[in-house]
Amino acid sequence: MLFWYTVAVLLSLAIFSFLWKDNPLYKFAEHLFVGTMVGYTIVMVFSQIIMRKIVDPITLAVHNHQYLNLISLIIATLIGLLYLSRFSQKAQWVSRYPISITVGFWSGYAIVTSFKTNILTQVRGTVVDDMGAPLLNGELLGDFIKSPSWSSLDLAVSGPLLVFGVIVVLIYFFFSIKNENPMVRFANKPALLYLMLGFGASFGYTFMGRISLFIGRMNFIFNEWWPLLKQTIGG
Amino acid sequence: MKTKKIMIILWALLFCLPVAAEERAPLANFELKDTPNNAGEQVEFLFVPAASPEEVPEFLLHIAIGDEPVKERRLVNAGKEIFLPLITGEAGVPVEVRVEAVMDDGSLKNLGTSSLVSRGEWLNMNSMKAFILGLLFIALIIFYVGRAKKGKDLFIRKIPGLEAIDDALGRATEMGRPVFYVPGTSSMADVATLASLNILRPVARQVAKYETPFSVPVKDPIVVSVAQDVVKEAYMAAGRPDLYDDGIAYLASMGQFDYSGAVSGSMMREKPATVFLLGMFYAESLILAETANSVGAIQIAGTDASSQLPFFIAACDYTLIGEELYAASAYMSREPLLLGTLKAQDILKGLLLLLFVTAIIFQLFGIDFVMDTFLKPEW
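Chains as they are written, first to last, in the numbering used here: chain A, 1 to 235; chain B, 236 to 614.
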């Protein structure tokens with residue numbers, strides 16, 4: 001076990017050495033990583049796609065006499081095989097068919113899904129909250145004026161701020177209106193402020209996630225590998 | 236005498252009636268229903284207990300779906316209606332649920348059976364409004380593409396990052412160093428990848444014109460093929476097919492971090508003067524942007540991944556934010572199809588903004604009409 005742990009530590013250090021500069025150790029780790037992943041991907045494609053999605057279903061369809069299913073599987077496989085025509089200079093154009101089918105299918109599939117999840121649900125979420133209460137709520141503002149506190153201020157202001165932010169950012173992303181348009185001129189600065197505030201928060205959040213990954217690696221080196229090494233050497 | 240007999244019988248019936256009614260009162264009401272708007276992959280079992288938890292602490296369901304062995308499931312009687320989805324997988328599967336009441340003394344009482352055959356619908360009516368919106372969008376695209384083809388001027392405002400592309404390519408040419416173009420790390424299923432490949436075309440054309448070394452490392456095999464075709468066409472359009480090589484767009488690796496490791500390594504060795512990071516990116520965005528920065532490259536980045544945009548903004552010279560990436564391809568190519576699409580997008584955005592503002596105003600007055608008609612949650 002110590003051997004493989006040591007390999008993992010050495011490779012981690014080799015990758016970290018890139019922080020100093022590009023060097024042979026990093027190059028070795030990089031090429032090893034890429035080569036291993038390519039090999040792993042080939043095995044995964046063979047076992048998870050070629051066997052599970054093509055060979056096994058075709059065998060099963062033949063065995064169960066499900067000929068309609070068999071025909072659809074064979075047609076799909078043949079369309080996929082057209083992709084291999086890229087290896088021939090003359091027949092290269094044939095490979096555009098599977099590509100166009102893939103692109104066409106995903107583009108069509110994405111239309112309704114995008115409208116549902118990225119547009120309509122988002123619009124609804126900007127008008128009312130999860131409980132169905134309107135985000136522009138005058139009562140909450142009244143509550144704050146009656147008994148001012150941080151929590152009542154937060155409740156009263158967060159909804160209107162969200163609504164205003166969505167409107168100005170949406171205007172910012174109109175491309176067919178001139179920058180001199182008064183509506184665009186009004187919305188530009190607050191929109192950028194909203195965007196940068198959001199990105200800043202997201203940056204901090206993700207950065208902390210990366211730090212935790214680094215801590216995890218250091219934890220592996222100092223709390224797992226090092227005690228194991230000491231124990232093995234010390235007997 | 237006869238009247239007396241009839242009276243006695245009537246009185247007897249009157250006394251017996253509550254007893255008979257009590258015996259007939261169901262301990263629970265249940266029904267197996269076909270789930271609407273699906274392909275038959277699920278049915279619903281609706282169970283409403285009528286007996287009190289003291290009388291019937293729980294119910295026992297015997298669920299038979301197709302050829303699968305019968306499954307038992309116990310429902311604790313909390314006096315509340317229970318909705319149980321049952322997965323059939325496909326249409327035409329017989330489903331049967333037999334219900335028994337577990338009485339307070341532990342004895343079982345059969346309450347009956349409900350059965351049906353799962354049925355699929357051709358249309359999912361829940362998606363109908365989104366479908367209509369899609370049709371409206373397509374109609375707008377067709378209209379504006381037609382206008383663009385007729386030569387009508389469709390205005391697009393300046394996008395700052397794009398103005399810098401020519402300078403960045405010129406810089407690479409002057410320095411004699413290559414240009415790197417990373418079209419994201421997603422597949423062709425991603426709209427950002429499609430947008431990136433649209434931008435690749437004018438960039439590759441310019442690169443071919445300047446005779447600058449060009450490299451397009453890709454993560455997805457299908458994207459490699461499309462990128463090769465795009466670059467080839469661009470080189471031909473620039474009148475330099477002799478400079479084209481299939482190795483310009485190549486598969487660097489298929490995993491996320493091995494790909495970023497491979498591209499970072501290439502950047503360190505080839506020292507590009509200009510790096511484009513346009514498309515869909517995940518956690519590798521900062522690795523690529525920082526490496527490009529460390530070799531002194533001008534970076535023009537763009538993505539619609541909101542979680543990765545902060546890293547590009549922090550590390551790159553120019554960043555196309557979200558939809559600017561889609562607009563960029565239209566802005567650069569000036570192709571009627573893309574210009575018309577962009578214009579249609581703006582119109583749809585305007586309509587949605589109008590819907591949004593109207594919904595807010597209606598909500599302020601406590602009117603749910605817009606919300607109920609257009610923005611119901613089952614969307």
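Ideal placement from N, C-alpha and C gives every residue a C-beta, glycine not left out.
- Beta-bridge partners assigned by DSSP to PRO329/B: VAL352/B.
- Under the 10 Å beta carbon count, ARG309/B is surrounded by fewer than 16 other beta carbons and is classified as exposed.
- In this structure the stretch 555–572 of chain B does not lie against the stretch 403–422 of chain B, because fewer than three pairs of beta carbons, one per stretch, are closer than 8 Å.
- As for any beta strand (DSSP E) of minimum length 3 sitting wholly inside the stretch 545–585 of chain B, the runs are 553–556, ordered along the chain.
- DSSP, read as helix, strand or coil, puts THR270/B in coil.
- Under DSSP, GLN534/B takes part in a beta bridge, and its partners are VAL510/B.
- Around the C-beta of LYS21/A, fewer than 16 other C-beta atoms lie within 10 Å, and the residue is accordingly described as exposed.
- VAL166/A is positioned such that its CB atom lies no closer than 9 Å to that of ASP493/B.
- In this structure, LEU321/B sits near VAL332/B, with a CB-CB distance shorter than 9 Å.
- ALA299/B has a beta carbon lying at 9 Å or more from every beta carbon in chain A.
- For MET196/A, the nearest CB of chain B lies under 9 Å from its own CB, placing it at the interface with that chain.
- Positions of the alpha helix (DSSP H) runs, each at least 4 residues long and wholly inside the stretch 363–440 of chain B, are given as 363–384 and 395–410 in order along the chain.
- By the Cβ test, the stretch 454–466 of chain B is not in contact with the stretch 581–590 of chain B, since fewer than three Cβ pairs between them sit closer than 8 Å.
- For VAL123/A, the uninterrupted alpha helix (DSSP H) run begins and ends at 121–127, by DSSP.
- Annotation: the continuous alpha helix (DSSP H) that includes TYR494/B extends over 491–505.
- Under the Cβ criterion of 9 Å, ASP22/A is counted among the residues facing chain B.
- For LYS27/A, no beta strand (DSSP E) encloses it; the enclosing alpha helix (DSSP H) starts and ends at 24–44.
- Taking a Cβ-Cβ threshold of 8 Å, the residues of chain B close to PRO134/A are ILE595, GLN598 and LEU599, in chain order.
- Residue range 449–453 is occupied by the beta strand (DSSP E) that includes SER450/B.
- Here the C-alpha atom of ALA8/A lies approximately 11 Å from the C-alpha atom of ILE15/A.
- GLY347/B has VAL334/B as its beta-bridge partners, per DSSP.
- In this chain, the alpha helix (DSSP H) harbouring VAL465/B covers 456–472.
- Around the beta carbon of SER421/B, a 10 Å sphere encloses 16 or more other beta carbons of the protein chains shown; the residue is thus reported as buried.
- When rounded, the separation of the alpha-carbon atoms in GLN463/B and TYR470/B is 11 Å.
- When DSSP reads this structure, ARG308/B sits in a beta bridge with LEU296/B.
- Within chain A, the residues whose beta carbon sits less than 8 Å from that of LYS578/B are SER176, listed in sequence order.
- VAL291/B places its beta carbon 9 Å or farther from that of ALA299/B.
- Using a Cβ-Cβ distance cut-off of 8 Å, the stretch 358–367 of chain B and the stretch 573–586 of chain B are not in contact, since fewer than three pairs of beta carbons, one from each stretch, lie closer than that value.
- When CB distances to chain B are screened at a threshold of 9 Å, not a single residue of the stretch 46–79 of chain A falls below it.
- Taking the Cα positions, ALA473/B is about 39 Å away from THR36/A.
- Chain A places no beta carbon closer than 9 Å to that of ALA326/B, leaving this residue out of the contacts.
- The straight-line gap separating the alpha-carbon atoms of PHE546/B and LEU521/B is approximately 6 Å.
- Judged by DSSP in its simplified three-state form, LEU358/B adopts coil rather than helix or strand.
- Around the Cβ of TYR416/B, a 10 Å sphere holds 16 or more other Cβ atoms; the residue is buried.
- Annotation for GLN543/B: no alpha helix (DSSP H) segment contains it, and DSSP assigns it neither H nor E.
- As the crow flies, the alpha-carbon of LEU523/B is around 7 Å from that of VAL498/B.
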